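Anchor point for the sequence shown: position 117 equals 151 in the numbering used here, and the numbering is continuous, going up by one each time. Everything below concerns the one structure shown next.
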Amino acid sequence: LGRLIEAYSLLPASARSACDLVIVGGSGWKQTSLADDVRRAGLEMNVVFTGFVDDGMLATLYANCLFLAMPSLYEGFGFPIVEAQSFGKAVLTSNTSSMPEVAGQSAILVDPNDPRAIADAFGRLCSDAQLRQAIAAGARRNAERFTWKNHARGMLDIFEQAIGQRRRTVA
Numbered sequence: 035l036g037r038l039i040e041a042y043s044l045l046p047a048s049a050r051s052a053c054d055l056v057i058v059g060g061s062g063w064k065q066t067s068l069a070d071d072v073r074r075a076g077l078e079m080n081v082v083f084t085g086f087v088d089d090g091m092l093a094t095l096y097a098n099c100l101f102l103a104m105p106s107l108y109e110g111f112g113f114p115i116v117e118a119q120s121f122g123k124a125v126l127t128s129n130t131s132s133m134p135e136v137a138g139q140s141a142i143l144v145d146p147n148d149p150r151a152i153a154d155a156f157g158r159l160c161s162d163a164q165l166r167q168a169i170a171a172g173a174r175r176n177a178e179r180f181t182w183k184n185h186a187r188g189m190l191d192i193f194e195q196a197i198g199q200r201r202r203t204v205a
């Protein structure tokens with residue numbers, strides 16, 4: 035989150051006033067220093083820390099956001115990407131870890147260690163509705179890959195293949 039806040043501070047004031055940064059989630063171990071970073075950069079009017087939100091509020095936030103910005107360094111999967119895409123939202127995420135595979139084509143991928151690259155992508159997504167729409171065009175379809183129904187179907191296929199191989203081995 036520190037690099038995202040740093041990247042946000044690099045945006046022109048006009049871009050920040052048109053596109054607030056809303057940071058959703060419970061307080062982590064660095065939350066105080068992040069709030070201090072926001073104050074030092076003079077971003078208090080445009081950066082909001084929601085703290086923990088319930089599922090209903092999270093759905094409201096996804097439904098009303100312009101896009102998801104998640105330039106994370108490490109993610110095992112990246113549930114917020116799929117959640118945002120299930121609402122038809124474009125995603126700005128890292129070109130590392132699991133994020134490119136999870137996000138598919140409905141994302142702008144950036145180097146998570148490069149605040150300038152994050153800021154450039156953030157600024158473009160804030161200001162260009164056509165770009166957001168183009169990136170988000172396949173978002174719901176991509177999110178469908180990760181539904182429980184599709185996961186169960188994939189597991190069933192694996193079990194059926196294993197049973198078929200076992201039958202051939204025994205016969």
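From the three backbone atoms N, C-alpha and C, an ideal C-beta is built for every residue, glycine too. Treat the numbers as computed from the prediction; the structure is a model and nothing was measured.
Alpha-carbon spacing of residue i relative to residue j, whole angstroms
i, j, result
"residue 96", "residue 200", "46 Å"
"residue 118", "residue 176", "11 Å"
"residue 131", "residue 110", "8 Å"
"residue 193", "residue 116", "26 Å"
"residue 179", "residue 120", "10 Å"
"residue 86", "residue 94", "14 Å"
"residue 22", "residue 39", "One cannot answer for residue 22 here, as it falls past the ends of the chain, which runs 35 to 205."
"residue 162", "residue 98", "16 Å"
"residue 165", "residue 183", "31 Å"
"residue 190", "residue 203", "20 Å"
"residue 73", "residue 67", "10 Å"
"residue 84", "residue 185", "32 Å"
"residue 195", "residue 60", "42 Å"
"residue 174", "residue 181", "11 Å"
"residue 62", "residue 47", "28 Å"
Range of the contiguous beta strand (DSSP E) that encloses residue i
i, result
"residue 85", "81-85"
"residue 100", "Here residue 100 belongs to no beta strand (DSSP E), and DSSP marks it neither H nor E."
"residue 141", "141-144"
Rounded Cβ spacing between residue i and residue j (contact assumed at less than 8 Å)
i, j, result
"residue 138", "residue 188", "Actually they do not touch by this definition, with Cβ atoms about 16 Å apart."
"residue 123", "residue 92", "Contact flag wrong, Cβ pair sits at about 13 Å."
"residue 57", "residue 35", "6 Å"
"residue 42", "residue 82", "Going by Cβ atoms, the distance from residue 42 to residue 82 rounds to 12 Å, so no, they are not a contact pair."
"residue 160", "residue 75", "Actually they do not touch by this definition, with Cβ atoms about 17 Å apart."
"residue 126", "residue 155", "5 Å"
Cut-off 6 Å between Cβ atoms - residues of its own chain near residue i, not counting five sequence neighbours on either side
i, result
"residue 157", "45 and 49"
"residue 89", "none"
"residue 148", "none"
beta-carbon residue i near the ligand MG non-hydrogen atom, thresh 7 Å
i, result
"residue 50", "Ligands are entirely absent from the displayed structure, and the ligand MG is therefore not among its contents."
Beta bridge counterpart(s) of residue i as assigned by DSSP
i, result
"residue 192", "In DSSP, residue 192 forms no bridge with anything."
"residue 58", "85"
"residue 43", "Paired residue(s): none; residue 43 is not in a bridge."
"residue 136", "According to DSSP, which records beta bridges pairwise, residue 136 is partnered with nothing at all."
Own chain, CB closer than 8 Å to residue i, minus 5 neighbours either side, in chain order
i, result
"residue 146", "37, 105, 106, 107, 128, 129, 130 and 152"
"residue 54", "80, 81 and 82"
Own chain partners of residue i with C-beta closer than 7 Å, once the 5 adjacent residues on each side are dropped
i, result
"residue 170", "122, 123, 124 and 140"
"residue 134", "143"
"residue 136", "111, 112, 115 and 116"
"residue 100", "53, 159, 160 and 166"
Extent of the continuous alpha helix (DSSP H) run through residue i
i, result
"residue 48", "47-52"
"residue 155", "149-161"
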